[in-house]
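The structure appears right after this line, and notes come after that.
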Amino acid sequence: MITREIHNDDEPLLKLNSEDEETADIVLGYGHADCKILSAWMMPLEETPLNVLVEIEGMSAYKDRRLNVDLVIILDISGSMSGYKLAKMKLAMQFLLHKLSRYDRLSVVTFNRKANKLCPLRHITENSRKEIANQVNALVAGSITNIESGLKMALNILNDRRVTENRDVAIVLMSNGREDDESRSDHLLVAEVPVYTFGFGSDCEPKVV
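Residue numbering for the sequence shown follows UniProt numbering, starting at 1 and increasing by one per position.
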């Protein structure tokens, strides 16, 4: 009989209080805000001043408030992701970490020959954001590409959750899509879980990602 690991180690939900609801969205007063723009393919090592025009549109913090999300990010750390592709993927991961609130939960799965759960579903607090960022920055690339193993583990993490009520779910796959013969991710049924893909490198395989 074949058994699999049960991923029911998701963190319990944080309670949303009235003060959090009032400050759920970032509010900027009149004045200016400093921002750092990362847009060039090969960015200079030093900071470069750049004038930008930003249009900000406000919305209700109650009417348009989204459901909190349980997100599993799958990171390709196979040999084909070595070099600048791995560096770009780590940068994209930092961006996503800062887009999540403390009421969202994030799990990170890595894969090459087989999948590994880097962390269970965790609330994105200041501490957990730093811990996950450090884990991601320590990743190194090697071995073959088995996307199927990463997708299977991500689906199991979401299916095995203890808490599922009133939460959106999603999977984000970061890879160059260069799949090895033993991996059959195109035959994997993801049911009603949306899967978003980030492709890295000029050799990215669009049919996979």
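All C-beta atoms in this analysis are idealised placements derived from N, C-alpha and C, irrespective of residue type, glycine included. Treat the numbers as computed from the prediction; the structure is a model and nothing was measured.
Distance between beta carbons of residue j and residue i, contact taken as under 8 Å
i: Phe111; j: Asn146; result: 6 Å
i: Ser78; j: Ser143; result: 6 Å
i: Leu14; j: Arg102; result: 6 Å
i: Val136; j: Val169; result: At roughly 21 Å, the Cβ-Cβ gap does not stay under 8 Å, so Val136 and Val169 are not in contact.
Sequence-distant residues of the same chain with beta carbon closer than 7 Å to residue i, five excluded per side
i: Val72; result: Ser107, Val109, Ala154, Ile157, Leu158, Ile171
i: Glu22; result: Caution is warranted here: a pLDDT of 43 is assigned to Glu22, below 50, making its placement in the model unreliable, and the coordinate value is therefore given only provisionally. The answer is none, since no qualifying residue turns up.
i: Lys114; result: Asn146, Ser149
i: Val195; result: Ile171, Leu173
i: Val27; result: With a pLDDT of 47 at Val27, under the threshold of 50, the predicted position of this residue should be treated as unreliable, though the coordinate-derived value follows. Result list for Val27: empty, nothing under 7 Å.
i: Cys119; result: Ser107, Val108, Ile132, Gln135
i: Ser128; result: Arg122
i: Gln94; result: Ala133
i: Met1; result: Any reading at Met1 needs caution, since the residue's pLDDT is 49, under 50, leaving its predicted position unreliable; the model's value is listed next. Nothing meets the Cβ criterion.
Classification of residue i by the beta-carbon crowding that lies within 10 angstroms, buried from 16 upward
i: Gly177; result: buried
i: Val140; result: exposed
i: Asp203; result: exposed
i: Lys130; result: exposed
i: His98; result: exposed
i: Arg105; result: buried
i: Asp76; result: buried
i: Ile74; result: buried
i: Ile6; result: exposed
i: Glu179; result: buried
CB contact flag (residue i, residue j, <7 Å)
i: Arg162; j: Asn68; result: no
i: Leu88; j: Phe200; result: Note on residue identity: the sequence assigns Lys, not Leu, to residue 88. Yes, they are a contact pair.
i: Ala92; j: Phe198; result: yes
i: residue 240; j: Asp70; result: Absent from the model: residue 240. The displayed extent of the chain is 1 to 209, so no value can be given.
i: Ile124; j: Leu96; result: no
Which residues DSSP lists as bridging residue i, in chain order
i: Tyr196; result: Val172
i: Phe111; result: Asp76, Ala115
i: Val69; result: Asp168
i: His98; result: Answer by DSSP bridge pairing: none, since His98 is not bridged.
i: His123; result: Arg105
Contacts around residue i, its chain only, beta-carbon distance under 8 Å, and the 5 residues preceding and following it disregarded
i: Glu11; result: Arg105, Pro120, Leu121, Arg122, His123
i: Asn166; result: Leu67, Asn68
i: Arg4; result: Asn156
Own chain residues within Cβ distance below 6 Å of residue i, not counting five before or after
i: Leu86; result: Ala141
Closer than 6 Å: residue i CB and nearest the ligand SAM heavy atom
i: Glu5; result: The ligand SAM is not part of the structure shown, which contains no ligands of any sort.
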